[in-house]
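Q: Please see the structure below; I have some questions.
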Amino acid sequence: MYLHKPMSLLAVLLATLVGSVDARTVIQNKGSDTLVNVAQAWAEAYQTVDSDVAVAVSGGGSGTGIAAMINGTVDIANASRKMKDKEKKMAKDRGQDPVEHIVGYDALAVFLHKDNPSGTMTIEQLADIYGRKGKARKWSDLGITVPGCKDKIVVVSRQNNSGTYAYFKKAVLGKDKFKNGTLDMHGSKDVVDLVEKTPCAIGYSGLAYATDHLQMVCISKDGKPCVSPSVQTAGDGSYPIARPLMMYTNGQPEGAIKAYMDWIMSDEGQCIISKKGYAPVRPVQCN
Amino acid sequence: MFEISELNKTNMRVERLYRTLFFMMVLLLVLPVLIILGTLIYKGGSVISLEFLFTSPTDGMTAGGILPALIGTVWLVSVALLVSVPLGVAAAIYLNEYAGNNWFTRIINLAIINLAGVPSIVHALFGVGAFVIFFGFGTSILAASLTLAIMTLPVVIVATRESLAAVPMAFREAMWNMGATRWQTIRRVVLPNAISGILTGVILEVSRTTGETAPIMFTGAAFFLPFLPESVFDQTMALSLHLFVVSTQVPGVPEALPYGVALVLVALVLIMNSLSIAFRVYLRGKKKW
Chain A
1 MYLHKPMSLL
11 AVLLATLVGS
21 VDARTVIQNK
31 GSDTLVNVAQ
41 AWAEAYQTVD
51 SDVAVAVSGG
61 GSGTGIAAMI
71 NGTVDIANAS
81 RKMKDKEKKM
91 AKDRGQDPVE
101 HIVGYDALAV
111 FLHKDNPSGT
121 MTIEQLADIY
131 GRKGKARKWS
141 DLGITVPGCK
151 DKIVVVSRQN
161 NSGTYAYFKK
171 AVLGKDKFKN
181 GTLDMHGSKD
191 VVDLVEKTPC
201 AIGYSGLAYA
211 TDHLQMVCIS
221 KDGKPCVSPS
231 VQTAGDGSYP
241 IARPLMMYTN
251 GQPEGAIKAY
261 MDWIMSDEGQ
271 CIISKKGYAP
281 VRPVQCN
Chain B
1 MFEISELNKT
11 NMRVERLYRT
21 LFFMMVLLLV
31 LPVLIILGTL
41 IYKGGSVISL
51 EFLFTSPTDG
61 MTAGGILPAL
71 IGTVWLVSVA
81 LLVSVPLGVA
91 AAIYLNEYAG
101 NNWFTRIINL
111 AIINLAGVPS
121 IVHALFGVGA
131 FVIFFGFGTS
141 ILAASLTLAI
151 MTLPVVIVAT
161 RESLAAVPMA
171 FREAMWNMGA
181 TRWQTIRRVV
191 LPNAISGILT
201 GVILEVSRTT
211 GETAPIMFTG
221 AAFFLPFLPE
231 SVFDQTMALS
241 LHLFVVSTQV
251 PGVPEALPYG
261 VALVLVALVL
271 IMNSLSIAFR
281 VYLRGKKKW
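Protein sequences, first through last, are from chains A and B. In case it helps, my numbering puts the first sequence at residues 1 to 287. In case it helps, my numbering puts the second sequence at residues 1 to 289.
Pasting the structure below:
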C-alpha cells in the first residue's frame, strides 16, 4: 500500500480551500446577548438590501463585544451598556477609536411567576430583594404571600459580563452590590424559562424576552405612579429602568459599514428593532 | 462419586452474583445512550426533513433549516483533520520508529499527555490569542480549525503510536535484513499494517471535533451568517454552537427545533463513525497476521 495518493489528494484539497477568493464584503458584528437577536434579524433582512454585503453576527455579551472592539477584531460591537472610560482608553492605546451609535432603547422588565399576586413594585423594594444591603429574603418580608411557594425568594440574576446585569445594578442598586446567592443565568431566555416554572422566583431581562407565561411588574420610582414596561414607555423615557442600546464602530463608519448603519437607522431598520420588542430611537410607522 | 459441597454452592452463588452485577453495569452504560437517542428521535424527529437539512434558518432563526451550520461543521472538522492527521501521524512515527528511549522522548511524551488534559476552554483562549490576534487570521474557519487541531492532536498521536507499536518487531527486522531503510520499512510495512489503528484515532478526533463548542465559539463560529463559507478565511456557523444558540439565546423557538438540531449532530457523528469503522473492518480483513 502506497501513501502517495492520499497525500496528493490532501494537497489538492488544501489548495482549493485556500485558493478561492471572493468579492463579498463581510461586516463583523459581535457583542450583547440582548441585541444579538435584533442584530441577527438586521443581518437576515440586509441580504435583500445589498446581497454583496454579508453581516456575520456573534453573541457572547456586551463585554465580549467591547473586548473585541478593543482588540480590533470586529467592525461593529453591540453593547447594552456604555463603554467605560477605562475601556475607551484601552481601545485608544491600541489604535482603535470607538464611536457610539444609539440604535434603540430597551425596557428592563422585572418578571414574576403568574401566580405571584404582586403586580406593582417600587425601585426600593427591588433593591431590598436584589441588593446586599437589602433585607428582604422572604416574600412575607414584603407582605406578599405567593401560592405554591414556601416563602423564600428565589432571586434570579445574570452573569457578570452581561450588559443587562450591569445596567440593572446601576439603575436599581445604585452603589450597592448584588446579594450573595443569586442564581446567575447565562442568557435572558434562561431567566425567563426559570421564572416561568418557579413560583418563588423574581428575575429581570430585556422586555423582548417576555412571554405570556409570566407577569411583568409595573414599576414606580420616587413615589410616582407605576409604569409598565412597553416599547412605548421605554421610548418616551417614562419607564424608570430603560436603557439605550448601542453599536460601536471603529471611527466614523465608512463605505459598507456606513451604508449598514444608515440602513439600521432608517425606517426599515427601526421597524425591525421595534418588531423584536425594543423601542426605536424615534417614532416610526411600521406595517 | 463427586458431590457438590456447600463450599461449591457458595462459590457458584457468588459467581452468579458477580456476573449479574457486572452485566448490570454494562446495561447501565448502554442505557443513557439509548435514552438520549430515544428522546432526541421522539422529540426532534418531526422536524427532520430534506428541507430542514438543505435550507437556511429564517424568521430570526425560529424557522427554516440548518444548512449553514451543517456545512460549517463539515468545514471545521475537515480543515482540522487536514492539519492534525499529517502532523499527528508524523509525530507518532518519529516517536515510535526513530526516537530512542531517552530523557528528550520522555519529556515529549509528558507534554503530549498534558496537552490531552488541557480543558477545551483554555484551548479556546489560546486560539484567540495565537491564531485570531497574533497570526492575524481573524475569527475564521482557519483559526477555529487550528485550535481544534491542536486540541485533538494528542488523540491522533497516542492512537497512532499504539497501532505502530502493535506491528510485530519481526516485520521490521525482516525488512532491515533485506537491506531496506527505515523509511522504506515504515512506508511499505509498518504504516499499511497500522492503518486500521490510525483510523481509530481519526474517528475519535472526528467525534470530538464535531461536538466541541468552546474552542470554536471565540475563534471562528458565528451566531448567524447570511452566507455559506467559501474559504478558510470566512467565519462560519456550526451545529454545536447553533444548538446552544437555539436552545438558550433565541426567544420563541419551537420546542422540537433544538431537539432536531441535536439529533442531526448526533447522527452526523454516528454516521462518520460507522463509515470509518466499516473501512477499518475492511482493512483488517486484508491484514496478513
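Positions of the beta carbon are idealized from the N, C-alpha and C atoms, including for glycine.
#1: Would you mind working out which of A/284, A/207, A/147 and A/51 sits nearest residue 278 of chain A, comparing C-alpha positions?
#2: Relative to chain B, which residues along the stretch 233-261 of chain A have a C-beta separation below 9 Å, given in chain order?
#3: When you compare only the Cα positions, how much space is there between residue 82 of chain B and residue 37 of chain B?
#4: Whose CA, out of B/23, B/19 and B/153, lies closest to the CA of residue 116 of chain B?
#5: Do you know offhand how far residue 46 of chain B's Cα is from residue 192 of chain A's?
#6: With a cut-off of 8 Å, do at least 3 Cβ pairs link the stretch 192-211 of chain B to the stretch 39-56 of chain A?
#7: Rounded to whole angstroms, what is the Cα-Cα separation between residue 260 of chain A and residue 164 of chain B?
#8: Between which two residues does the alpha helix (DSSP H) containing residue 244 of chain A stretch?
#9: When we look at the beta-carbon of residue 106 of chain A and count the other beta-carbons within 10 Å, is it buried (16 or more) or exposed?
#10: Which residue wins for smallest C-alpha separation from residue 126 of chain A, given the options A/172, A/87, A/143 and A/111?
#11: When you compare only the Cα positions, how much space is there between residue 79 of chain A and residue 29 of chain B?
#12: Please name the residue, chosen from A/56, A/32, A/35 and A/223, that lies closest to residue 234 of chain B on a Cα-to-Cα basis.
#13: Pairs of beta-carbons, one from the stretch 188-205 of chain A and one from the stretch 108-116 of chain A, closer than 8 Å: are there three or more?
#14: Thinking just about the alpha-carbon of each residue, which of B/140, B/226 and B/124 is nearest to the one in residue 48 of chain A?
#15: Could you have a look at residue 35 of chain A and say whether DSSP puts it in helix, strand or coil?
#16: Would you mind reading off the limits of the beta strand (DSSP E) that contains residue 78 of chain A?
#17: Given a limit of 7 Å on CB to CB distance, which residues of the stretch 63-90 of chain A reach chain B?
#18: Look at residue 269 of chain B and residue 213 of chain B and say whether their C-beta atoms are less than 8 Å apart.
#19: Could you tell me which residues DSSP pairs with residue 113 of chain A in its beta bridges?
#20: Nearest to residue 109 of chain B by alpha carbon, out of B/125, B/162, B/85 and B/145?
#21: Alpha carbons only, please: which of A/54, A/131 and A/211 is nearest the one belonging to residue 229 of chain B?
#22: Would you call the CB atoms of residue 219 of chain A and residue 244 of chain A closer than 8 Å?
#23: With C-beta atoms as the reference, is residue 260 of chain B less than 8 Å away from residue 236 of chain B?
#24: Use the C-beta contact count for residue 136 of chain B: other C-beta atoms within 10 angstroms, 16 or more gives buried, fewer gives exposed.
#25: In angstroms with no decimal places, state the Cα-to-Cα distance between residue 84 of chain A and residue 25 of chain A.
#26: Could you check whether the stretch 168-184 of chain A touches the stretch 148-158 of chain A, counting it as contact only if at least three pairs of C-beta atoms, one from each stretch, sit closer than 8 Å?
#27: What's the C-alpha gap between residue 57 of chain B and residue 269 of chain A?
#28: I want to verify the contact list: residues of chain A whose CB lies under 7 Å from the CB of residue 249 of chain B, in sequence order.
#29: Are there 16 or more other CB atoms within 10 angstroms of the CB of residue 224 of chain A, so buried, or fewer, so exposed?
#30: Name, please, each residue of chain B whose Cβ falls closer than 9 Å to the Cβ of residue 55 of chain A.
#31: When you compare each of B/183, B/280, B/149 and B/265 to residue 79 of chain B by their alpha carbons, which one comes out closest?
#32: Can a CB atom of chain B be found closer than 8 Å to the CB of residue 160 of chain A?
#33: Going along the chain, which unbroken runs of the alpha helix (DSSP H) with 4 or more residues stay wholly within the stretch 118-171 of chain A?
#34: Secondary structure at residue 159 of chain B, three-state DSSP: helix, strand or coil?
#35: Kindly list the residues whose CB is nearer than 6 Å to the CB of residue 272 of chain B, restricted to its own chain and excluding five residues on each side of it in sequence; keep chain order.
#36: Helix, strand or coil, according to DSSP, for residue 365 of chain A in the structure here?
A: Reading off the structure:
#1: As a first step, residue 278 of chain A must be located in the first sequence, where it is residue number 278. With distances taken between Cα atoms, residue 278 of chain A lies closest to A/207.
#2: none
#3: Within the second sequence, numbered from 1, the residue matching residue 82 of chain B stands at position 82. Within the second sequence, numbered from 1, the residue matching residue 37 of chain B stands at position 37. Approximately 30 Å, taken between the alpha carbons.
#4: The count along the second sequence starts at 1 and reaches residue 116 of chain B at position 116. When each option's Cα is compared against that of residue 116 of chain B, the closest is B/153.
#5: By 1-based counting over the second sequence, the position of residue 46 of chain B is 46. By 1-based counting over the first sequence, the position of residue 192 of chain A is 192. Using only the alpha carbons, I get a separation of about 26 Å.
#6: no
#7: Numbered from its first residue, the first sequence carries residue 260 of chain A at position 260. Numbered from its first residue, the second sequence carries residue 164 of chain B at position 164. Computed Cα separation, rounded: 56 Å.
#8: Working through the first sequence from its first residue, we reach residue 244 of chain A at position 244. Taken as a continuous stretch (DSSP letters only), residue 244 of chain A belongs to no alpha helix (DSSP H), being part of the beta strand (DSSP E) at 242-250.
#9: Here residue 106 of chain A is taken as the residue at index 106 of the first sequence, counted from 1. Buried, since its Cβ has 16 or more Cβ neighbours within 10 Å.
#10: Counting from 1 along the first sequence, the entry for residue 126 of chain A is found at position 126. Taking only the C-alpha atoms, the option nearest residue 126 of chain A is A/172.
#11: Here residue 79 of chain A is taken as the residue at index 79 of the first sequence, counted from 1. Here residue 29 of chain B is taken as the residue at index 29 of the second sequence, counted from 1. Between residue 79 of chain A and residue 29 of chain B, the C-alpha separation is close to 45 Å.
#12: For the purposes of this step, residue 234 of chain B is taken as residue 234 along the second sequence, with counting starting at 1. When each option's Cα is compared against that of residue 234 of chain B, the closest is A/56.
#13: yes
#14: Counted from its first residue, the first sequence places residue 48 of chain A at position 48. Residue 48 of chain A has its Cα closest to that of B/226, out of B/140, B/226 and B/124.
#15: Against the first sequence, residue 35 of chain A aligns to sequence position 35. For residue 35 of chain A, the three-state secondary structure derived from DSSP is coil.
#16: Here residue 78 of chain A corresponds to residue number 78 of the first sequence, with the count starting at 1. First-last of the beta strand (DSSP E) with residue 78 of chain A: 76-79.
#17: 71 and 73
#18: Reading the second sequence from its first residue, position 269 is the one you call residue 269 of chain B. Reading the second sequence from its first residue, position 213 is the one you call residue 213 of chain B. It is not a contact, given that the beta carbons lie outside the stated cut-off.
#19: Numbered from its first residue, the first sequence carries residue 113 of chain A at position 113. Paired residue(s): A/214.
#20: Counted from its first residue, the second sequence places residue 109 of chain B at position 109. If we check each option's Cα against that of residue 109 of chain B, B/162 comes out closest.
#21: Here the question's residue 229 of chain B lines up with position 229 in the second sequence. For residue 229 of chain B, the nearest C-alpha among the options comes from A/54.
#22: By one-based count along the first sequence, residue 219 of chain A stands at place 219. By one-based count along the first sequence, residue 244 of chain A stands at place 244. No; because the gap between Cβ atoms is not below 8 Å, this pair is not in contact.
#23: Walking along the second sequence from the start, residue 260 of chain B turns up at place 260. Walking along the second sequence from the start, residue 236 of chain B turns up at place 236. No, these two residues do not count as a Cβ contact at 8 Å.
#24: Position 136 of the second sequence, counting from 1, holds the residue named residue 136 of chain B. Exposed, by the Cβ-count rule.
#25: Along the first sequence, one-based indexing puts residue 84 of chain A at 84. Along the first sequence, one-based indexing puts residue 25 of chain A at 25. Rounded to the nearest angstrom, the two C-alpha atoms are 30 Å apart.
#26: yes
#27: Residue 57 of chain B sits at position 57 when you count from the first residue of the second sequence. Residue 269 of chain A sits at position 269 when you count from the first residue of the first sequence. Cα to Cα, the separation comes out at about 20 Å.
#28: In the second sequence, residue 249 of chain B corresponds to position 249, counting from 1. For the C-beta of residue 249 of chain B, the chain A residues within less than 7 Å are, from N- to C-terminus, 33, 36, 59, 187 and 189.
#29: Start at 1 with the first residue of the first sequence, and residue 224 of chain A comes out as number 224. Counting Cβ neighbours within 10 Å, residue 224 of chain A comes out exposed, since fewer than 16 surround it.
#30: Stepping through the first sequence from its first residue, residue 55 of chain A is reached at position 55. Those within 9 Å of residue 55 of chain A in chain B are 224, 225 and 226.
#31: Locating residue 79 of chain B in the second sequence gives position 79, counting from the first residue. With distances taken between Cα atoms, residue 79 of chain B lies closest to B/149.
#32: Position 160 of the first sequence holds residue 160 of chain A. Taking Cβ atoms only, chain B never reaches closer than 8 Å to residue 160 of chain A, which makes this a no.
#33: 123-130 and 163-168
#34: If you number the second sequence from 1, residue 159 of chain B lands on position 159. Residue state, collapsed to three classes: helix.
#35: Working through the second sequence from its first residue, we reach residue 272 of chain B at position 272. Setting aside the 5 residues that flank it on each side, residue 272 of chain B is surrounded in the same chain by 206, each with a C-beta closer than 6 Å to its C-beta; the list follows chain order.
#36: As shown, chain A starts at 1 and ends at 287. That puts residue 365 of chain A outside it, with no answer to give.
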